[in-house]
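Engineer:
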Amino acid sequence: MHRANTAFALAMSPMGHQSFGWLLKGAPKDKLAQKFLAAASVKSYNSAAAEPFLNGASSNYVEQMYNAWLQDPTSVHTSWDAYFRSNTYMAPPSLAPVQRHTVPITQYMGGSSAVAQIGQPDEKTIDDHLAVQAIIRSYQSRGHLAADVDPLGILNQEVSNSRDGVKRRANEAVLRQHHWFSVGEHDMERKFKLPSTTFIGGDQPALSLREILSRLEDVYCNKIGVEFMFINSLEQCNWIRKRFETPGVMNLTAEEKRLILARLTRATGFEAFLAKKYSSEKRFGLEGCEIMIPAMKQLIDVSTDLGVESIIMGMPHRGRLNTLANVCRKPLHQIFTQFAGLEAADDGSGDVKYHLGTYIERLNRVTNKNIRLAVVANPSHLEAVDPVVQGKTRAEQFYRGDGEGRKVMSILIHGDAAFCGQGVVYETMHLSDLPDYTTHGTIHVVCNNQIGFTTDPRFSRSSPYCTDVARVVNAPIFHVNADDPEAVMHVCKVAAEWRATFHKDVVIDLVGYRRNGHNEIDEPMFTQPLMYQKIRKHKNGLQLYAEKLIAEGTVTAEDVKSVADKYDKICEEAFELAKKETHIKYKDWLDSPWSGFFEGKDPLKVSPTGVREETLVHIGNRFSSPPPNAAEFQIHRGLMRVLAARKEMVDKRIADWALGEAMAFGSLLKEGIHVRLSGQDVERGTFSHRHHVLHHQLVDKATYTPLCHLYPDQAPYSVSNSSLSEYAVLGFEHGYSMTNPNALVLWEAQFGDFANTAQCIIDQFISCGQAKWVRQSGLVMLLPHGMEGMGPEHSSARLERFLQMSSDDPDYFPPESDEFAIRQLHDINWIVANCSTPANYFHILRRQIALPFRKPLIMMTPKSLLRHPEAKSSFDEMTEETEFQRVISEKGSAADNAGSVKKLIFCTGRVYYDLAKSRAEKKLENDIAIARIEQISPFPFDLVKNECEKYKNAELVWAQEEHKNQGAWSYIEPRFMTALNSSRDLSYIGRACGASTATGSKAQHNKELTNLLNDAMEI
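Quick note: UniProt numbering has the sequence shown finishing at residue 1019, numbered continuously throughout.
1. Would you list the one or two residues that DSSP bridges to PRO784?
2. Exposed or buried, THR582, counting other C-beta atoms within 10 Å across all chains shown (16 or more means buried)?
3. Enumerate in chain order the residues of its own chain whose CB-to-CB distance from ALA295 is below 6 Å, with the five nearest sequence positions on each side excluded.
4. Report the three-state DSSP secondary structure of ALA968 (helix, strand or coil).
5. Buried or exposed, going by whether 16 or more other CB atoms sit within 10 Å of the CB of MET640?
6. Mind checking whether ILE224 and LEU510 have CB atoms under 8 Å apart?
7. Of all the alpha helix (DSSP H) runs that stay within the bounds of the segment 401-488, which reach a length of 4 or more residues?
8. Which residues bound the alpha helix (DSSP H) around CYS907?
9. To the nearest angstrom, how far is it from the Cα of ARG775 to the Cα of LEU851?
10. Is ASP456 closer than 8 Å to THR367 when the C-beta atoms are compared?
11. What does a CB cutoff of less than 8 Å around SER970 pick up in its chain, not counting 5 residues either side in sequence?
12. So for LEU604, helix, strand or coil by DSSP?
13. In this structure, what does DSSP give as the bridge partners for MET313?
14. Indicate the three-state DSSP secondary structure (helix, strand or coil) for HIS826 in the structure shown.
15. Across the segment 850-864 and the segment 886-897, are there enough close Cβ pairs to call them in contact, namely three or more that are closer than 8 Å?
16. Can you give me the C-alpha to C-alpha distance between GLN157 and ALA495, rounded to a whole angstrom?
17. Since ALA998 contacts PRO862 with CB under 8 Å, what's their CB separation in whole angstroms?
18. Let's see if you can read the secondary structure: which residues bound the beta strand (DSSP E) around LYS872?
19. What three-state label does DSSP hand HIS538 in the structure shown?
20. Any chance the segment 403-420 sits against the segment 298-314, with 3 or more Cβ pairs inside 8 Å?
21. Spatial neighbours of TRP594 within its chain, please: C-beta separation below 6 Å, excluding the five flanking residues on both sides.
22. Do GLY288 and residue 1077 have their beta-carbon atoms positioned less than 8 Å apart in this structure?
23. Among ILE260, SER214, THR197, LYS257, which has the Cα closest to the Cα of SER233?
24. Mind checking which residues open and close the beta strand (DSSP E) that includes LEU931?
25. With DSSP as the reference, label ILE231 as helix, strand or coil.
26. Quick one, are the C-beta atoms of THR393 and THR439 less than 8 Å apart?
27. Check each candidate in ASP416, ASN1006, LEU324, ASN364 and name the one with the smallest Cα separation from VAL375.
28. Answer yes or no: do ILE928 and LYS902 have a C-beta to C-beta separation smaller than 8 Å?
29. Name, in chain order, the residues that DSSP records as bridge partners for ARG676.
30. If you reduce the DSSP assignment to three classes, tell me which class SER796 lands in.
31. Where does ARG641 sit, in a helix, a strand or coil, going by DSSP?
32. Verify whether the separation of the beta carbon atoms of SER806 and GLU962 is less than 8 Å.
33. With a Cβ-Cβ cutoff of 8 Å, do PRO974 and PRO810 count as a contact?
34. Would you report the Cα separation of ASN5 and ARG365, rounded to the nearest angstrom?
35. Can you give the Cα-Cα distance for GLY778 and LEU668, rounded to whole angstroms?
36. Taking only runs that begin and end inside the segment 262-332, name each unbroken alpha helix (DSSP H) of 4 or more residues, in chain order.
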């Protein structure tokens, strides 16, 4: 029985299961001892000092060891020393001297008769202690379910318990069921030893049951609901417990409370001022959740104090103007100017005020440190900005050498309905821990209005919380009542410290309400009458907090009024200043200005894109060589053949697609330009053509990237297989591309068709970012495209969609001049190309950096042409004095006798090789000329006109492999007419209109291709 008593003491000790495994050997088989041993997860414990006991030594052995330890702790084995120091051992009353280092176990057992009489607990005492531990864990695990986090009390309405008819708060029965622990009022004063997994005792190792329950209720069922027990790290769980359970941890000084009041006054005052001055304008105000502004400032204060120098933020429209005004401290008159209905002073169409971003560098007055704040512009597609912010943050960390995210961090603001409803949130979350995409922790703040537009949460999600998506990445979630500013500040402090400590995501669920409708002119009573009856009667957060501080004597009513009046005066002065503005300056709203990039450059002069042959050969040789330690680094035998074939091409001074791409990347790296290639399977390439990363066949994670070892002083090269995501990853790379103009950032789709799942990023950011937000990007999208019998989802990158969104006028032929081509590029929103040669691909990639501005490049890339014997280029086409060819003219015999050519076929992309092969088979080289339009948009009016004039007697046709209602036809046909001044007709050759992009039948595909070629060769 004594061993059972010792086992119990050990089980209750902070050392837990690590300290009593040695009792298993030779332990008695009585049920009580077995119960003790089963109460903990016992692991083996090897102690030389325990061996005599384990071998059946005297039952007094432990007492003897204890007495020796009392005299001299160093006289016993360290394992005994640790055990006795844990304050859990109690010798039999008749033998034990007065203990100097322990608290009598009878105190922990509540003075039970069994302990008092024989010095060992009875079975009920053991059950009670185990039950107390279960209760503590229950509160930690499920306390958030009963927490008072809803200011309106809607979430915590009383419900009837079907079993006992008692009314109680939702989930209360789940949390507070103590039927396994039968206690009466007399038991509430019994003391129980606290386990090592709670901090509610502070310095006290034991508390009465009444105090335990009271403290647990206060920590877990008050204004904060802490959701964290799903995290699979004991260290992280204990870290969170300590910051919420430690007594007094949430106490604030009077000065801290006054700061909260001042910030809350400004947030509330800003919304009130806008409501007064612009009552009929949409502004998507924060009323009902104004505490978000002090919360943001608290996050920034704590993070700045912990070393962060730059914070990049993304948020939806609600609360954006308040954030710009009171978090970023953007000049108020610039914000008020947006309400004046003025014309834009900059190029572009602009955007509504609550979509715009900004960039501010300022002094943080709390920490007295400089901080850079950027709010990224975004559209009404609420969560679309999330990955853009992450990419921008990752890029800034990269260029600063901030490999752990200590200086640069991101904060994302979400709406509750969007956070759980938009799939891009999940996609972005899953980037959070990927080595090439992590930003080392993001703080997510959910501005929880408990409503999505007009949809009740009960009909907008299936999960208990809108934040449940964050559980998949083990992010702790802190639900907090927005009407308790002090609780909000504590949660924000913990969140910022968590991010700085563990560099992982964390979520703050700021539960408030929306005082007005979706916008200020909506009527919310149409759809939420009961909710808004409560809201109409509910005091705002500032009133409630001011009353609290006045009641406790921290401030006076005069203090509250003085702070409010002071801010109102600031707003009035800015309002008057805004009246003097005559235009909206969108350049004031840039979220990351490229300092010095545009200065001193001729906007219509492009740098050369050709390079010296020696450079091409050097890059080619390195790219085709195995690792230097090839004898030790074993690569796949198939790759040895690939490298040998590359070396042979280099020796012959020709390049296929993969080699041409590598030489474009390598030459830019040589010039100090960072290159980042990202997407699904880009390291190898979907079609096994690229092989930029070589893998050791016998050692896991041992790799070699040749393009990282071209020159000792080259720029870094990043090639990264992404998660199986298009939406988030394309958004991420777009954000990355906005940070530094002197970098080539590329995203490749596994197949071009798959870009359609990233359509929001394409439509709302890439195609129109410059027009809406004066925000340039040089991002390159590589989209494998070609009708090759692979079915409807592996054929078309939807070329027609990109062309339809191009902003050049089909009826306008720009004035011809030497600057025609670059002026077109300057004026267009993006570039759409379908190159047919490695050399042209080489040049267009390098041109992205050579341009004096930045435009996105949409590239239709090949599949079968990657290995096509004719799709190769000589090094002579990439050396100095060569450049990108917008149109590749006919080079064969037809060009020498243009006057007698009967048909001139224009086409783009891979279909050229089918047409050329069919022409050769039918021996029509003298009768048919084929011209390739490589850059489709902006349209090469001048070169098309010249080509047509060259073949004056030829029939003009456009041949494409896509269906007539797809591909380039709808785009090029009116532009051809403009180029020719409608003097000649242009006929269409290709597939008829179709609903699907391609047939799934190989036989049908071949039949359609044969018909296309026959029609094209008919003269």
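For each residue, glycine too, the CB sits at the ideal point set by N, CA and C.
Structural biologist: The answer reads as follows:
1. Here residue 784 refers to the residue found at position 784 of the sequence shown. Answer is THR861.
2. The residue labelled residue 582 in the question sits at position 582 within the sequence shown. THR582 comes out exposed.
3. Working through the sequence shown from its first residue, we reach residue 295 at position 295. The beta carbon of ALA295 lies closer than 6 Å to those of VAL488, CYS492 in the same chain, with the five residues before and after it left out.
4. Translated into positions along the sequence shown, residue 968 becomes position 968. Correct three-state label for ALA968: coil.
5. In the sequence shown, residue 640 corresponds to position 640, counting from 1. Looking at its Cβ environment, which holds fewer than 16 other Cβ atoms inside 10 Å, MET640 is exposed.
6. Here residue 224 is taken as the residue at index 224 of the sequence shown, counted from 1. Here residue 510 is taken as the residue at index 510 of the sequence shown, counted from 1. Contact: no.
7. 416-421, 423-429
8. Position 907 of the sequence shown, counted from the start, is the residue given in the question as residue 907. Per DSSP, CYS907 belongs to no alpha helix (DSSP H); it is in the beta strand (DSSP E), 903-907.
9. Position 775 of the sequence shown, counting from 1, holds the residue named residue 775. Position 851 of the sequence shown, counting from 1, holds the residue named residue 851. Their Cα atoms are separated by approximately 16 Å.
10. The residue you call residue 367 lines up with position 367 of the sequence shown. The residue you call residue 456 lines up with position 456 of the sequence shown. Contact flag unset, no.
11. Counted from its first residue, the sequence shown places residue 970 at position 970. Correct list, in chain order: GLU800, LEU803, GLN804.
12. In the sequence shown, residue 604 corresponds to position 604, counting from 1. In the displayed model, LEU604 falls within coil according to three-state DSSP, outside both helix and strand.
13. Stepping through the sequence shown from its first residue, residue 313 is reached at position 313. Paired residue(s): VAL375, ILE411.
14. Indexing the sequence shown from 1 puts residue 826 at position 826. HIS826: helix per DSSP, three-state reduction.
15. no
16. Residue mapping note: residue 157 aligns to position 157 of the sequence shown, counting from 1. Residue mapping note: residue 495 aligns to position 495 of the sequence shown, counting from 1. In this prediction, GLN157 has a pLDDT of 49, which is less than 50 and means its spatial position is unreliable; what the coordinates show is noted afterwards. Straight-line Cα distance between these residues: approximately 29 Å.
17. Counted from its first residue, the sequence shown places residue 998 at position 998. Counted from its first residue, the sequence shown places residue 862 at position 862. Contact flag wrong, Cβ pair sits at about 16 Å.
18. In the sequence shown, counting from the first residue as 1, residue 872 sits at position 872. Looking at the DSSP string, LYS872 is not in any beta strand (DSSP E), and its letter there is neither H nor E.
19. As a position in the sequence shown, residue 538 is number 538, starting the count at 1. Of the three classes helix, strand and coil, the one that applies to HIS538 here is coil, per DSSP.
20. At 8 Å Cβ cutoff, the stretches touch.
21. Along the sequence shown, one-based indexing puts residue 594 at 594. Excluding sequence neighbours, TRP594 sits near PRO741.
22. The requested residue 1077 does not occur in the structure, where the chain is confined to residues 1 to 1019.
23. Position 233 of the sequence shown, counting from 1, holds the residue named residue 233. Among ILE260, SER214, THR197, LYS257, the Cα nearest to that of SER233 is on THR197.
24. Within the sequence shown, residue 931 is the residue found at index 931, counting from 1. The sequence as given places Ala at residue 931; Leu does not occur at that position. Where ALA931 is concerned, the enclosing beta strand (DSSP E) stretches over 928-933.
25. Start at 1 with the first residue of the sequence shown, and residue 231 comes out as number 231. Looking at ILE231 - three-state DSSP - the assignment turns out to be coil, as it is neither helix nor strand.
26. Here residue 393 refers to the residue found at position 393 of the sequence shown. Here residue 439 refers to the residue found at position 439 of the sequence shown. Taking 8 Å as the Cβ cut-off, THR393 and THR439 qualify as a contacting pair.
27. Counting from one through the sequence shown, the residue named residue 375 turns up at place 375. Cα-wise, what sits closest to VAL375 is LEU324.
28. By 1-based counting over the sequence shown, the position of residue 928 is 928. By 1-based counting over the sequence shown, the position of residue 902 is 902. For the 8 Å CB-CB criterion, ILE928 and LYS902 form a contact.
29. Position 676 of the sequence shown, counting from 1, holds the residue named residue 676. According to DSSP, which records beta bridges pairwise, ARG676 is partnered with SER718, VAL745.
30. In the sequence shown, counting from the first residue as 1, residue 796 sits at position 796. Coil, per DSSP.
31. Numbered from 1 along the sequence shown, position 641 holds the residue referred to as residue 641. Helix.
32. Here the question's residue 806 lines up with position 806 in the sequence shown. Here the question's residue 962 lines up with position 962 in the sequence shown. Cβ atoms of SER806 and GLU962: not closer than 8 Å.
33. Position 974 of the sequence shown, counted from the start, is the residue given in the question as residue 974. Position 810 of the sequence shown, counted from the start, is the residue given in the question as residue 810. One thing to note: PRO974 has its Cβ within 8 Å of the Cβ of PRO810.
34. Here the question's residue 5 lines up with position 5 in the sequence shown. Here the question's residue 365 lines up with position 365 in the sequence shown. Caution applies to ASN5, whose pLDDT of 39 falls short of 50 and renders its modelled position unreliable; the model cannot decide the point.
35. Indexing the sequence shown from 1 puts residue 778 at position 778. Indexing the sequence shown from 1 puts residue 668 at position 668. If I take the Cα positions, the gap works out to 14 Å.
36. 292-305, 320-326
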